[in-house]
Amino acid sequence: MRPWPPLARWGAGRYSARMIRVLALILTFQLGGEIASRALALPLPGPVVGLVALVLACLLRPGLAEAIRPTAQGLLAHLSLFFVPAGVGVVAHWDVLQSHGLGLAVALMGSTALAIAAGALAFTAVARLTGTEEPQALKDQGRE
Amino acid sequence: MSDPALIWSYLAQGPLLWLTATLLAYLAGDAVFRAAGRRSIANPVLVAVALLAVLLWLTGTDYATYFGGAQFVHFMLGPATVALALPLYDNLPRIRRAALPMLAGLLAGSSVAVISALAIARAFGIEGGVLASLAPKSTTAPVAIGIAERLGGQPTLTAALVLLTGIFGAIIVTPMLNALKIRDWRARGFAVGVAAHGIGTARAFQVNPTAGAFSGIGMGLNAVLAAIIAPLALRLFAG
Numbered sequence: 000m001r002p003w004p005p006l007a008r009w010g011a012g013r014y015s016a017r018m019i020r021v022l023a024l025i026l027t028f029q030l031g032g033e034i035a036s037r038a039l040a041l042p043l044p045g046p047v048v049g050l051v052a053l054v055l056a057c058l059l060r061p062g063l064a065e066a067i068r069p070t071a072q073g074l075l076a077h078l079s080l081f082f083v084p085a086g087v088g089v090v091a092h093w094d095v096l097q098s099h100g101l102g103l104a105v106a107l108m109g110s111t112a113l114a115i116a117a118g119a120l121a122f123t124a125v126a127r128l129t130g131t132e133e134p135q136a137l138k139d140q141g142r143e
Numbered sequence: 000m001s002d003p004a005l006i007w008s009y010l011a012q013g014p015l016l017w018l019t020a021t022l023l024a025y026l027a028g029d030a031v032f033r034a035a036g037r038r039s040i041a042n043p044v045l046v047a048v049a050l051l052a053v054l055l056w057l058t059g060t061d062y063a064t065y066f067g068g069a070q071f072v073h074f075m076l077g078p079a080t081v082a083l084a085l086p087l088y089d090n091l092p093r094i095r096r097a098a099l100p101m102l103a104g105l106l107a108g109s110s111v112a113v114i115s116a117l118a119i120a121r122a123f124g125i126e127g128g129v130l131a132s133l134a135p136k137s138t139t140a141p142v143a144i145g146i147a148e149r150l151g152g153q154p155t156l157t158a159a160l161v162l163l164t165g166i167f168g169a170i171i172v173t174p175m176l177n178a179l180k181i182r183d184w185r186a187r188g189f190a191v192g193v194a195a196h197g198i199g200t201a202r203a204f205q206v207n208p209t210a211g212a213f214s215g216i217g218m219g220l221n222a223v224l225a226a227i228i229a230p231l232a233l234r235l236f237a238g
């Protein structure tokens, strides 16, 4: 099967419009996801639907993954930045949080710690049972 | 020369000042994070938010004015979520192999997050709309707000609880899983994605690319499961 030329060459431009084309592509997937999420009343938000669609598109056209790689990696390297404006909103709503005080704080911290522990322990236990452990995916590998 | 107060009142109302301030605060947070040896307690989001909160308080700026500038950064959450497709695509064979461990981690993490949060809050006498706002707090913000609205919660309270859960999860995940001697990067990333959504995923990417990829999947899968678990658990505790 011959790759569809415009899509296969999407990120291979010789000039600086490449990043803009990749951003336009990512936004198009987000837009499509948003439309699908609303039109079909899906439980997932638009960007997550766009994510799934982009994975499928990369499976159909492996060249696409290489085309978006630099831009996608750039976005993900500073994922934390994008949470800052919403984080400042927490401070803006501090009075709401304070009025419920201690109970909310304990519930939030306790349940988050328990959930991380439960998720990680269940994952490793089933990985051991089903023999799907990955020696190369271990932390501090080779340090012992 | 123009009056500085006039320049200030012009800048304080436009998006330029608060967009610049957001980027500078993040760079400062990132510098602190690096100076602290990339330790999770120096979370760059936490540092940047603290700096901006002090700045808004000192200048008497309200959140709506601040968000007028910061919304351009906030908007990038959507494209960044779509960009998670790349690590997902890169790791597809490993993800397929880890389907059963992931299913176990998802069911355990997602249900413990909702049920233990509601149980603890109930023990402190919290009920009604606040309980409904708390139920989806481990889920990524847009989904959590949707769930809370359907359950009769307060969307702004949910948004704040989601953010705090993410920051807290990102801070405790490394020391806690070290103490539990969990060395599998897939399990470490997946668990923090399920329990602490995108902020946990951002932390996972800072530590290890495998952890980041699995964290992104954990976040996505939890968004689906929490929409089912949260109403059921709430009925259990509100009744």
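Protein sequences appear in the order of chains L and V.
Residue 1 in numbering that gives the first Met the number 0 sits at position 2 of the first sequence, with consecutive numbering throughout.
Residue 207 in numbering that gives the first Met the number 0 sits at position 208 of the second sequence, with consecutive numbering throughout.
C-beta: ideal position from N, C-alpha, C; glycine also.
TODO: Can you have a look at residue 74 (chain V) and say buried or exposed, based on whether 16 or more other CB atoms are within 10 angstroms of its CB?
DONE: exposed
**Q.** Residues near residue 56 (chain L) by beta carbon distance below 7 Å, same chain, minus five either side
**A.** 63
Three-state class that DSSP yields for residue 89 (chain V) in the structure shown
Residue 89 (chain V): helix per DSSP, three-state reduction.
With a threshold of 9 Å between beta-carbons, can residue 62 (chain L) be considered close to chain C, or not? Structure shown: chain C not included; protein chains present are L and V.
(Q) Once DSSP output is grouped into helix, strand and coil, what is the label at residue 41 (chain L)? (A) coil
Can you confirm whether residue 18 (chain L), when its beta carbon is compared against all beta carbons of chain V, has any partner nearer than 9 Å? no
Strictly under 9 Å for the Cβ-Cβ distance: is residue 230 (chain V) near chain L by that measure? no
Could you say if the region 103-114 of chain V and the region 113-122 of chain L meet the contact criterion of at least three C-beta pairs nearer than 8 Å? yes
Using DSSP's beta-bridge definition, name the partner residues of residue 137 (chain L).
V:183
- prompt: How is residue 13 (chain V) classed by DSSP in three states: helix, strand or coil?
  reply: coil
Next on the checklist: Measuring only the C-alpha atoms, how far is residue 175 (chain V) from residue 21 (chain L)?
Outcome noted: 38 Å
Which of helix, strand or coil does DSSP assign to residue 7 (chain L)? In this prediction, residue 7 (chain L) has a pLDDT of 48, which is less than 50 and means its spatial position is unreliable; nothing more can be read from the coordinates.
**Item:** Coarse secondary structure for residue 97 (chain L), derived from DSSP in three states
**Value:** The three-state secondary structure of residue 97 (chain L), taken from DSSP, is helix.
Check your understanding: How do the region 36-54 of chain V and the region 216-226 of chain V stand: do at least 3 beta-carbon pairs fall below 8 Å, yes or no?
Key -> Verdict: no, contact absent.
Against chain L: residues of the region 156-187 of chain V by CB proximity under 8 Å: 156, 158, 159, 160, 162, 163, 164, 165, 166, 167, 168, 171, 172, 175, 176, 179, 181, 182, 183, 184, 185, 186, 187
Practice prompt. Quick one: grab the DSSP three-state call for residue 153 (chain V).
Written response: coil
query = With contact counted as at least three CB pairs below 8 Å, one residue from each stretch, are the region 174-192 of chain V and the region 97-106 of chain L in contact?
reply = These segments do not touch.
message = Given a cut-off of 9 Å on the beta-carbon distance, is the pair residue 142 (chain V) and residue 115 (chain L) in contact?
response = No, Cβ-Cβ distance for residue 142 (chain V) and residue 115 (chain L) is not below 9 Å.
Can you tell me the Cβ-Cβ gap for residue 112 (chain V) and residue 194 (chain V), rounded? I've got them flagged as a contact below 8 Å.
With 8 Å as the limit, residue 112 (chain V) and residue 194 (chain V) qualify as a contact, their Cβ atoms being about 5 Å apart.
* Taking any Cβ of chain L, which residues in the region 91-112 of chain V have a Cβ under 9 Å from it, in chain order? -> 91, 93, 96, 97, 98, 99, 100, 101, 102, 103, 104, 105, 106, 107, 108, 109, 110, 111, 112
To the nearest angstrom, report how far apart residue 158 (chain V) and residue 50 (chain L) are at their CA atoms. Each residue's Cα considered, the two are about 22 Å apart.
Measuring only between beta-carbons, confirm whether residue 48 (chain V) sits less than 9 Å from chain L.
yes
_Rounded to whole angstroms, what is the Cα-Cα separation between residue 160 (chain V) and residue 1 (chain V)?_
44 Å
Classification of residue 8 (chain V) by the beta-carbon crowding that lies within 10 angstroms, buried from 16 upward: exposed
Note to self: Is residue 121 (chain V) close to the ligand NAD? I mean its beta-carbon at under 8 Å from any heavy atom of the ligand.
What the structure shows: Although the ligand NAD was asked about, the structure shown includes no ligands whatsoever.
Buried/exposed call for residue 32 (chain L), threshold 16 Cβ in 10 Å
buried
Relative to the alpha-carbon of residue 16 (chain V), which residue among V:109, V:84, V:79, V:54 has its alpha-carbon at the smallest distance?
Checked all of V:109, V:84, V:79, V:54; the closest Cα to residue 16 (chain V) is V:54.
TODO: For residue 80 (chain L), decide whether its Cβ has a neighbour in chain V, counting only Cβ atoms nearer than 9 Å.
DONE: yes
On the premise that residue 117 (chain V) lies in contact with residue 134 (chain V), defined as a C-beta separation below 8 Å, what is that separation, rounded to the nearest angstrom? Contact flag correct, Cβ pair sits at about 6 Å.
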